[in-house]
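A.B. asks:
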Ligand SMILES: [Fe+2]
Ligand SMILES: [Fe+2]
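Below, the structure is given as structure tokens:
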């Protein structure tokens, strides 16, 4: 059995869910694109050798992954996420590694395409299950507390901000202006 056939295809399952719809949707899309490229590469290479027409989909996939990282980083910044540095460092490593693979592909390294897919398969599995899931939990908590705050502000009783004088009695500060 050849090396690439032994590699398990990337498949999104609930074990990868971070329970934030916009992130889960992007993950599903990326997982599917990686699996498609893996299948196409394996199929093509087994018949013809290196696959030049897979350059386009590979570049699109990388753009998609890089865009997704930027999206998560925007969400982390907006939420003042405490583990932003740690999470972004993982993205940075992947960005650097992917950049190296792209360079190898451009230089005509015939094995670099599959090596890239294999790298992304493992990296996405691990990163999604831990770092992205933690981020998802933090974003959900934040969104829930924002909704709660808005709800409380909206349902405050009319006398919630009553002025209290030194003796504990309420007074109307506007009335005293006259
Ligand atoms: Fe991430
Ligand atoms: Fe992600």
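Residue numbers (the numbering used here): 50 to 227.
Backbone N, C-alpha and C define an ideal beta-carbon position, used for all residues, glycine too.
Counting along the chain, where does the alpha helix (DSSP H) carrying residue 181 start and finish?
C.D. replies: Stepping through the chain shown from its first residue, residue 181 is reached at position 132. Neither: residue 181 is in no alpha helix (DSSP H) and is coded neither H nor E.
A.B. asks: So, is residue 198 buried or exposed, given that buried needs 16 or more other C-beta atoms within 10 angstroms?
C.D. replies: Position 149 of the chain shown, counted from the first residue, corresponds to residue 198. So residue 198 counts as exposed.
A.B. asks: Just to check, is the beta-carbon of residue 177 closer than 7 Å to a non-hydrogen atom of ligand 2?
C.D. replies: For the purposes of this step, residue 177 is taken as residue 128 along the chain shown, with counting starting at 1. Yes, the Cβ of residue 177 comes within 7 Å of a heavy atom of ligand 2.
A.B. asks: Helix, strand or coil: which one does DSSP assign to residue 160?
C.D. replies: Counting from one through the chain shown, the residue named residue 160 turns up at place 111. Three-state result, residue 160: coil.
A.B. asks: If you count every other CB in all the chains shown that lies within 10 Å of the CB of residue 68, and 16 or more means buried, which is it?
C.D. replies: Translated into the one-based positions of the chain shown, residue 68 becomes position 19. Classification of residue 68: exposed, given that the 10 Å Cβ count is below 16.
A.B. asks: In or out: residue 107 buried (at least 16 other Cβ within 10 Å) or exposed?
C.D. replies: Here the question's residue 107 lines up with position 58 in the chain shown. Answer is buried; the Cβ neighbour count reaches 16.
A.B. asks: Work out the CA separation of residue 180 and residue 129 for me, nearest whole Å.
C.D. replies: Locating residue 129 in the chain shown gives position 80, counting from the first residue. Locating residue 180 in the chain shown gives position 131, counting from the first residue. Each residue's Cα considered, the two are about 16 Å apart.
A.B. asks: Around the C-beta of residue 127, are 16 or more other C-beta atoms found within 10 angstroms, so that it is buried, or is it exposed?
C.D. replies: Here residue 127 corresponds to residue number 78 of the chain shown, with the count starting at 1. Classification of residue 127: exposed, given that the 10 Å Cβ count is below 16.
A.B. asks: Helix, strand or coil, according to DSSP, for residue 137 in the structure here?
C.D. replies: As a first step, residue 137 is located in the chain shown; it is residue number 88 there, counting from the start. Residue 137 falls in the helix class under three-state DSSP.
A.B. asks: I need the straight-line Cα distance from residue 171 to residue 92, nearest angstrom please.
C.D. replies: Residue numbering aside, residue 171 sits at position 122 when the chain shown is read from its first letter. Residue numbering aside, residue 92 sits at position 43 when the chain shown is read from its first letter. For residue 171 and residue 92, the distance between alpha carbons rounds to 20 Å.
A.B. asks: Following the continuous alpha helix (DSSP H) through residue 84, name the residue where it begins and the one where it ends.
C.D. replies: In the chain shown, the residue the question calls residue 84 occupies position 35. Residue 84 -> alpha helix (DSSP H) spans 70-97.
A.B. asks: Would you call the region 78-89 in contact with the region 136-143, where contact means no fewer than 3 C-beta pairs closer than 8 Å?
C.D. replies: no
A.B. asks: Just the Cα atoms here: how many angstroms apart are residue 61 and residue 151?
C.D. replies: Locating residue 61 in the chain shown gives position 12, counting from the first residue. Locating residue 151 in the chain shown gives position 102, counting from the first residue. Answer to the nearest angstrom: the Cα atoms are 24 Å apart.
A.B. asks: Use the C-beta contact count for residue 147: other C-beta atoms within 10 angstroms, 16 or more gives buried, fewer gives exposed.
C.D. replies: In the chain shown, the residue the question calls residue 147 occupies position 98. So residue 147 counts as buried.
A.B. asks: What is the C-beta distance between residue 59 and residue 174, in whole angstroms, given that I count them as a contact (C-beta under 8 Å)?
C.D. replies: Translated into positions along the chain shown, residue 59 becomes position 10. Translated into positions along the chain shown, residue 174 becomes position 125. Between residue 174 and residue 59 the Cβ distance is about 7 Å, and since that is below 8 Å, they are a contact.
A.B. asks: Looking at residue 75: is its Cβ nearer than 8 Å to the Cβ of residue 117?
C.D. replies: Here residue 75 refers to the residue found at position 26 when the chain shown is read from its first residue. Here residue 117 refers to the residue found at position 68 when the chain shown is read from its first residue. Taking 8 Å as the Cβ cut-off, residue 75 and residue 117 qualify as a contacting pair.
A.B. asks: For the alpha helix (DSSP H) that residue 107 lies in, which residues bound it at each end?
C.D. replies: As a working mapping, residue 107 is identified with position 58 in the chain shown. Taken as a continuous stretch (DSSP letters only), the alpha helix (DSSP H) holding residue 107 covers 104-127.
A.B. asks: Can you give the Cα-Cα distance for residue 104 and residue 161, rounded to whole angstroms?
C.D. replies: Taking the first residue of the chain shown as position 1, residue 104 is located at position 55. Taking the first residue of the chain shown as position 1, residue 161 is located at position 112. Roughly 11 Å separates the two Cα atoms.
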